[in-house]
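Asks: Under this note's numbering, read the sequence shown as residues 30 to 777, first letter to last. Virtual Cβ for every residue (Gly too), placed ideally from N, Cα, C.
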Amino acid sequence: MPVEQEIRFAVVIYGGVSLAVYINGVAQEILRLVRSTAACHKETALRGSEKVYRKLGALIGAGGLVAGARAMAAEKTVDFDDVRSRFVVDILSGTSAGGINAIFLSKALANDQSLDQLAQMWIEEADIDVLLNDKQSLEGPLDLQDPPESLLNSERMYLKLLDALDGMDAGTNGQPRPPLVNTIDLFSTATDLYGVALPIALTDKLVYERRFRNVFHFERRPVSEKTVTGKDKPHYNDFLFANNPFLAFAARCTSAFPFAFQPMALCDVANVMNSRNLLAGQPFCSPDTTDWQRFYKDYLGDPSGTQFQFRPFGDGGYLDNKPFSYAIDTILARQAALPVDRKLIYIEPAPEDVSRMTFHASGPDDRPDAIQNSLKALIELPRYETIRQDLERLIEWNTNIRRMARIRQDIRRILEEGGEEAVNHLLDRDSLQYRAYIRLRLSSATDAVADRVSEALGIDPTSARGEAVRILAGGWRKAKFNTGELELAFLDTYDLSYVWRALHYLYQKTGEREELSRIHAALNTLMDAGLRDFIPNLPHLPPERLPDLDIVVSPEAAGPLGLPPKPPGCDELSDPWAQYVLDNRGWRKLIDALHEDLKDKIGERLAGERNNLDSVMQKHGGWRFFAAQDVLLFPVQFETNLGETGEVDILRISPADTSAIPPPSGNQPKLKGVLFGAFGGFLDKTWRYNDMLWGRLDGAERLITAVLPAGDKETVRLRNELIEEAQFEIAKEWERTFGKDLAKVAKP
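1. Just the Cα atoms here: how many angstroms apart are Ile690 and Thr744?
2. How long is the line joining the alpha carbons of Thr795 and Arg468, rounded to whole angstroms?
3. Beta carbon of Arg499, beta carbon of Phe519: below 8 Å?
4. According to DSSP, which residues form a beta bridge with Pro228?
5. For the segment 410 to 462, list the beta strand (DSSP E) runs that are entirely contained and at least 3 residues long, ordered along the chain.
6. Taking the alpha-carbon positions, what's the Arg731 to Asp221 distance?
7. Is the CB of Ser403 under 8 Å away from at least one CB in chain D?
8. Which partner residues does Asn613 have in the DSSP bridge list?
9. Nearest by alpha-carbon distance to Trp723: which of Ser114, Gly447, Val50 is it?
10. Express the C-alpha separation of Gly45 and Leu348 in angstroms, rounding to a whole number.
11. Using 8 Å as the Cβ pair cut-off and three pairs as the minimum, do the segment 637 to 644 and the segment 333 to 351 touch?
12. Let's test the definition: count the other Cβ atoms within 10 Å of the Cβ of Thr687 and tell me whether it reaches 16, buried, or not, exposed.
13. Among all the DSSP beta bridges, which residues are the ones paired with Tyr375?
14. What is the rounded straight-line gap between the Cα of Ala277 and the Cα of Ala137?
15. Counting Cβ pairs closer than 8 Å, one from the segment 477 to 489 and one from the segment 321 to 332, do we hit at least three?
16. With DSSP run on the structure shown, which of helix, strand or coil describes Phe116?
17. Per DSSP, what kind of secondary structure is Phe268 in: helix, strand or coil?
18. Can you check whether the CB of Asp214 is closer than 8 Å to the CB of Thr359?
19. Could you have a look at Gln34 and say whether DSSP puts it in helix, strand or coil?
20. Less than 8 Å between C-beta atoms, sequence neighbours within five positions excluded: which residues of the same chain meet that for Val236?
21. May I have the straight-line CA-CA distance separating Ala399 from Pro292, to the nearest angstrom?
22. Classify Gly259: buried if its beta carbon has 16 or more other beta carbons within 10 angstroms, exposed otherwise.
23. What are the residues that DSSP puts in a beta bridge with Ala155?
24. DSSP puts Ala219 in a beta bridge; with which residues?
25. For the alpha helix (DSSP H) containing Cys282, name the first residue and the last one.
26. Could you check where the alpha helix (DSSP H) with Lys509 kicks off and where it finishes?
27. For the alpha helix (DSSP H) that Glu668 lies in, which residues bound it at each end?
28. Are the CB atoms of Phe133 and Leu144 nearer to each other than 8 Å?
29. Please classify Ala96 as buried or exposed, where buried requires at least 16 neighbouring CB atoms within 10 angstroms.
30. Going along the chain, which residues of its own chain have a beta-carbon closer than 6 Å to the beta-carbon of Trp151, five neighbours each way excluded?
31. Nearest CA to the CA of Asp720: which residue from Ala271, Arg765, Leu704?
32. Could you give the DSSP three-state label for Val660: helix, strand or coil?
33. What is the C-beta distance between Thr491 and Gly345, in whole angstroms, given that I count them as a contact (C-beta under 8 Å)?
34. Whose C-beta lies closer than 6 Å to the C-beta of Leu578 among residues of the same chain, with five residues either side of it excluded?
35. Count Cβ pairs between the segment 62 to 77 and the segment 739 to 754 that sit closer than 8 Å; are there 3 or more?
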């Protein structure tokens, strides 16, 4: 039986210092959850809690618990090969020590690797005796700092992160393994202490401002084996061996906690890399390497001229301590035809207890004094970041999803009642409604392919230059596809989202999922791989061509050319600056050549997948009925970003959210890492064992709860049984590995 749904998790991880050990325990269970139902694994390859998660995936279908699920679970007659729900983690966002765990978890998901190397690093190396910046912390190529520039040895931390990443790749000869997840987006925050100058397009000129908040974006994307040569594949998996030095750099930057670690620059890694036989001689060992420029594209055109390799980066928590926005933005842009149960999970190892706040105003004169006020302004409040606004975006999303579902039901009922007459009326090519619908599809498809071109050229689609690419693409398309038939031909080539919507429509209408699942996978590759999949040798845009894009959006740049002012409300076709760049700067020929490369490669594959849908579509009204529905629904849904058309559950994993195993009695905290200003875990190895075990136990409970939320008494009973079974498996594995004593709650 084919998989009925994907349960997709976006994971946000924050929390610093020694609490990273607890976070790592949770991350281990997240990895096990995904591994349990991954297509590359059978039940026989699973161990411990993975078998419990596999059972969960077999017991839950698109409509909830499958028939007889409780009896099957009780009698242990579950068919483990019959997985109805697949667990997927495709979005991760991390800051500080949580950011380190997010980077390693992403690499493990991308390459079907374990987190054992990182777990060992936290247990063995997260110790004040080996981290303190003195002679005892020296190893290999490291030199003693005199005087020390930070409390802890920053170079040693980088070396250990790199060792752990390389250890994950041991025995692979640098070759990728089958992924657990096809598509991954990882966002790791850091603070650029110098700031990068970025343009803002005002109405009449370009202005620049410095951005100090930085995020490193790493990704894995499906690859079309037919069009991409082996050497280009790493561009679709940023978590391969060759990128380990930069991943370690990002991990060190995001966790460069003030006073504890120095800020880090990319040039700092060359000494470490060149000293290790594993990496010596690689092109990226040079301090001025360009191998990783795609990770810092915004810096390539910085007018200040400061090279990226010399920029110091500090802890991501300076300005972005709880990085929800990146994960939420990616959720809202996701497209999925297979039914998706989407969940946002955030790991908070030390949640704030507002009931224990010590500041209470007893009267009108009870307020902070000058020193207290200054401390709040300079230190406390800038580091305190609320998550309310980010989560309210998801709450609003859920409200709009429910509203859209009602609209969709009403539209289908109206069409069914109106019959063929209603369909003919809506598809009348001369009607105002149909013409407006086609214009909207043209605009949407043009912008989508323009954004893919921007990404392939190394341009941020959300930037002013990304907007210029969209304007140029629109002007080119309107000039070249200037009749009704040509417009439809353009849509047949580039409007992938139309076939995607058709696929989603059929998923909701039919139980014939096997063929739809195959088409879904093909379309997912077609949409998600990016234009580099079809133009393997497409280079980054040469820096000398960037001013052409500035002309399109800025009269300041175009002024010396003598072009007239942009008329109010002009479109791409009448924009004199866009036409100048298309005709006089060679961009029309450039886009023509790009179109010749793309039209067959994309258009033929898109037509093929549409033909593959024909037999199923004919059973449910045919293409005309779907098109009539789309005429009404697409304009309503356009720019709502309701891509996966499902609500998003929001859940937290923290020591305060679990109850299956009682916490320690008395005044002892559940996590030892919270002691001594969150440095407690660095002081005692048994405390680190304690926190990692609690992370695994809490992670299992909260993940099973997320997949099987509260319901009737029988559902709650089944959930509790699965939690108990998973935690028992974790305890058995822990005892086998570390011994009976460390399988208990450690005591100070």
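Replies: On the basis of the coordinates in this document:
1. The residue you call residue 690 lines up with position 661 of the sequence shown. The residue you call residue 744 lines up with position 715 of the sequence shown. Ile690 and Thr744: Cα-Cα distance of roughly 20 Å.
2. Nothing can be reported for residue 795: it is not among the residues displayed for the chain, which extend from 30 to 777.
3. By 1-based counting over the sequence shown, the position of residue 499 is 470. By 1-based counting over the sequence shown, the position of residue 519 is 490. Contact: no.
4. As a working mapping, residue 228 is identified with position 199 in the sequence shown. According to DSSP, which records beta bridges pairwise, Pro228 is partnered with Tyr237.
5. none
6. By one-based count along the sequence shown, residue 731 stands at place 702. By one-based count along the sequence shown, residue 221 stands at place 192. Each residue's Cα considered, the two are about 35 Å apart.
7. No chain D appears in the structure shown, which is made up of a single protein chain.
8. Taking the sequence shown and counting its residues from 1, the one referred to as residue 613 is at position 584. None; Asn613 has no bridge partner.
9. Numbered from 1 along the sequence shown, position 694 holds the residue referred to as residue 723. Here the closest residue by C-alpha is Val50.
10. For the purposes of this step, residue 348 is taken as the residue at position 319 of the sequence shown. For the purposes of this step, residue 45 is taken as the residue at position 16 of the sequence shown. If you take the alpha carbons of Leu348 and Gly45, they lie about 14 Å apart.
11. no
12. In the sequence shown, the residue the question calls residue 687 occupies position 658. Buried, by the Cβ-count rule.
13. Numbered from its first residue, the sequence shown carries residue 375 at position 346. According to DSSP, Tyr375 bridges with Val41, Arg681.
14. Position 248 of the sequence shown, counted from the first residue, corresponds to residue 277. Position 108 of the sequence shown, counted from the first residue, corresponds to residue 137. Using only the alpha carbons, I get a separation of about 14 Å.
15. yes
16. As a first step, residue 116 must be located in the sequence shown, where it is residue number 87. Strand at Phe116.
17. Counting from 1 along the sequence shown, the entry for residue 268 is found at position 239. Three-state DSSP puts Phe268 in coil, outside helix and strand.
18. Against the sequence shown, residue 359 aligns to sequence position 330. Against the sequence shown, residue 214 aligns to sequence position 185. Cβ atoms of Thr359 and Asp214: closer than 8 Å.
19. Working through the sequence shown from its first residue, we reach residue 34 at position 5. Note: Gln34 maps to strand in three-state DSSP.
20. Counting from one through the sequence shown, the residue named residue 236 turns up at place 207. The residues are Pro228, Ile229.
21. Locating residue 399 in the sequence shown gives position 370, counting from the first residue. Locating residue 292 in the sequence shown gives position 263, counting from the first residue. Cα to Cα, the separation comes out at about 31 Å.
22. Locating residue 259 in the sequence shown gives position 230, where the first residue counts as 1. With a pLDDT of 39 at Gly259, under the threshold of 50, the modelled position of this residue cannot be trusted, and the question is left open.
23. Taking the first residue of the sequence shown as position 1, residue 155 is located at position 126. Answer by DSSP bridge pairing: none, since Ala155 is not bridged.
24. Here residue 219 corresponds to residue number 190 of the sequence shown, with the count starting at 1. DSSP, once it has assigned bridges, lists Asn243 as partnering Ala219.
25. Translated into the one-based positions of the sequence shown, residue 282 becomes position 253. Looking at the DSSP string, the run of the alpha helix (DSSP H) that includes Cys282 is 273 to 283.
26. By one-based count along the sequence shown, residue 509 stands at place 480. Segment 493 to 509, the alpha helix (DSSP H) holding Lys509.
27. The count along the sequence shown starts at 1 and reaches residue 668 at position 639. Glu668 -> no alpha helix (DSSP H), and no H or E assigned at all.
28. Residue mapping note: residue 133 aligns to position 104 of the sequence shown, counting from 1. Residue mapping note: residue 144 aligns to position 115 of the sequence shown, counting from 1. Closer than 8 Å, so yes.
29. Position 67 of the sequence shown, counted from the start, is the residue given in the question as residue 96. Exposed is the call here.
30. On the sequence shown, position 122 is the one that residue 151 refers to. Once the five neighbours on either side are set aside, the close Cβ partners of Trp151 are Val50, Asn53.
31. The count along the sequence shown starts at 1 and reaches residue 720 at position 691. When only C-alpha atoms are compared, the closest one is Leu704.
32. Stepping through the sequence shown from its first residue, residue 660 is reached at position 631. Val660: helix per DSSP, three-state reduction.
33. Residue mapping note: residue 491 aligns to position 462 of the sequence shown, counting from 1. Residue mapping note: residue 345 aligns to position 316 of the sequence shown, counting from 1. Thr491 to Gly345, Cβ: 20 Å. No contact.
34. Position 549 of the sequence shown holds residue 578. So the qualifying residues of the chain are Arg494, Ala497.
35. no
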